[in-house]
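Notes for the one structure printed next.
Residue numbers (my numbering): 891 to 1409.
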């Protein structure tokens, strides 16, 4: 029996290795595929769903490619990677990766408000947090904090007060194999107020809902870091831990010859999201054997991987579902969050658990960033190879509309009222890119405005009607020392008694009038 078990074990290992090799080949093949034809959109371009549920129109652009409309040219738009609306809806941020800057625009007028340059020298030493001891330089030793940073993604914390921006690499680190960095922008003035070290090649960042942690996912070496941001003071923020997903990569590339780190990076950790209760952190594995890595945030440890999903680029949790974009396949899919959490609980001695029951929808090739409308009824996907913004009705998981945009869409964000989608288009091998499109959306059924809902929930009066009713209820309860519900019940009882008495009197009187008189 032992030889049989050994044979099964060897077969399982061979299968895993085959999957890993196939996955790596798939990523490499995708990177090496011919560049799709370049498409340029223009203001006024439109698209709509078949029955008019959703109507899309390009209403604004920021361009910087050869031959673009000079009136729309913005020379700061250089390889735009990601876009994010500020939580208060007043402005949005664009990370220009190769431009080493973040551009801030007014959401209403499109006017450029600020340009945040990610350049550091000795004079910026006061911005740096103390070294954590988690990240070590092995290839460089001089002027470590003098560099240009290449901004990738971003995430807000402290109710929008701070914006966290990780750098793909420090400019001198040719192959992104030594520690990179993450900067923190105070959004009141849109200036950098803190810089912290990170692991190699950080891409995604995500803030926990309780405001305790900022997760930093390192594409470069299969690790995920957690920064303790529970304090309101940036000076108090510090690294809590750095967690390895299965195995940490040993990086020893050349310092003079360029290596393709977009593919030679292990699991290619990307999409990162906290569960609503902040108990777990889910991280998509775009490469390797695929799956979704699970980190127990309470215990600060790696639990294992959820399989049954491959090449997951972006993860979103919304309205009780986990959504994932599968880049190479051009698919977006979702699974009930409860099903995901059931699988997480099965992780223990076994380091993997299978996710089953996905609902999938094929969209344009190269599905990258995804975001959902306020109601959760519509999902928007930036489809890179297809040069499209695709819209999926999540109630049916069917694509209902698509709009061609400048090649090649990669990042997007949607406004709190669902009416505006900002899409960044990054170049591929010197083709396309250098474009930001603002798309306006009209819905047959209006979407809820999350800003108004938030304001109503946090208002001292809570939107006149509901607020006054609550205040009146509290005043009555305080005066009579009895819950309003009981007061109303008692009052209704009194009214019924009075009505019964009145009716009895009327009946008695009527009976007396009709009775025969005595002689």
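Ideal Cβ positions, reconstructed from N, Cα and C, are used throughout, including at glycine. A quick note: this is a predicted structure, and the numbers were derived from the prediction, not measured.
Under 8 Å between C-beta atoms of residue i and residue j
i, j, result
"residue 1249", "residue 1224", "yes"
"residue 1044", "residue 1095", "yes"
"residue 1324", "residue 954", "yes"
"residue 1321", "residue 931", "no"
"residue 1315", "residue 1296", "yes"
"residue 1276", "residue 1258", "no"
"residue 1281", "residue 1308", "no"
"residue 1329", "residue 1313", "yes"
"residue 1021", "residue 971", "no"
"residue 1198", "residue 1273", "no"
"residue 1065", "residue 1151", "yes"
"residue 1135", "residue 1157", "yes"
"residue 1194", "residue 1237", "yes"
"residue 1023", "residue 997", "no"
"residue 943", "residue 1271", "no"
"residue 1077", "residue 1052", "yes"
"residue 1100", "residue 1168", "yes"
"residue 1172", "residue 1205", "yes"
"residue 1000", "residue 1050", "no"
"residue 1410", "residue 1039", "Outside the displayed range of the chain (891 to 1409) lies residue 1410, so it cannot be described from this structure."
"residue 1253", "residue 1222", "yes"
"residue 1109", "residue 1117", "no"
"residue 1319", "residue 925", "yes"
"residue 1159", "residue 1114", "yes"
"residue 928", "residue 1327", "no"
"residue 964", "residue 952", "yes"
"residue 1002", "residue 991", "no"
Beta-carbon separation (whole angstroms), residue i vs residue j, contact threshold 8 Å
i, j, result
"residue 1305", "residue 975", "5 Å"
"residue 1133", "residue 1185", "6 Å"
"residue 1069", "residue 1090", "7 Å"
"residue 995", "residue 981", "6 Å"
"residue 966", "residue 993", "5 Å"
"residue 1230", "residue 1196", "7 Å"
"residue 1122", "residue 1017", "At roughly 18 Å, the Cβ-Cβ gap does not stay under 8 Å, so residue 1122 and residue 1017 are not in contact."
"residue 1035", "residue 1010", "6 Å"
"residue 1080", "residue 1004", "4 Å"
"residue 1410", "residue 977", "Summary: the structure shown does not reach residue 1410, with the chain confined to residues 891 through 1409, and so no result is reported for it."
Delimiting residues of the beta strand (DSSP E) encompassing residue i
i, result
"residue 961", "No beta strand (DSSP E) contains residue 961, which DSSP labels as neither H nor E."
"residue 1229", "Looking at the DSSP string, residue 1229 is not in any beta strand (DSSP E); the run it does join, the alpha helix (DSSP H), is 1227 to 1235."
"residue 985", "981 to 986"
"residue 974", "970 to 975"
"residue 1054", "1052 to 1060"
"residue 1132", "1128 to 1134"
"residue 1191", "1191 to 1197"
"residue 991", "991 to 996"
"residue 1244", "1242 to 1244"
"residue 1027", "Neither: residue 1027 is in no beta strand (DSSP E) and is coded neither H nor E."
"residue 870", "Examination of residue 870 is not possible in this model, given that the chain is present from 891 through 1409 alone."
"residue 1077", "Here residue 1077 belongs to no beta strand (DSSP E), and DSSP marks it neither H nor E."
"residue 937", "936 to 938"
"residue 1005", "1002 to 1007"
"residue 1114", "1113 to 1118"
Which residues DSSP lists as bridging residue i, in chain order
i, result
"residue 1215", "1204 and 1222"
"residue 1280", "1271 and 1292"
"residue 1299", "1315"
"residue 966", "Residue 966 pairs with nothing; no bridge assigned."
"residue 1094", "1107"
"residue 950", "1328"
"residue 1182", "1174 and 1196"
"residue 1086", "1072"
"residue 1249", "1224"
"residue 1310", "1330"
"residue 1166", "Looking at the DSSP assignment, residue 1166 forms no beta bridge with any residue, so it has no partner."
"residue 1047", "1052"
"residue 1041", "1057"
"residue 929", "DSSP, once it has assigned bridges, lists no residue as partnering residue 929."
"residue 1143", "DSSP, once it has assigned bridges, lists no residue as partnering residue 1143."
- Task: Flag this pair as touching only if the segment 1156 to 1165 and the segment 1095 to 1115 have three or more C-beta atom pairs under 8 Å; answer yes or no.
- Result: Contact annotation: the segment 1156 to 1165 touches the segment 1095 to 1115, with at least three C-beta pairs closer than 8 Å.
- Query: Between the segment 1209 to 1226 and the segment 1245 to 1263, are three or more C-beta pairs nearer than 8 Å?
  - Reply: Touching, yes.
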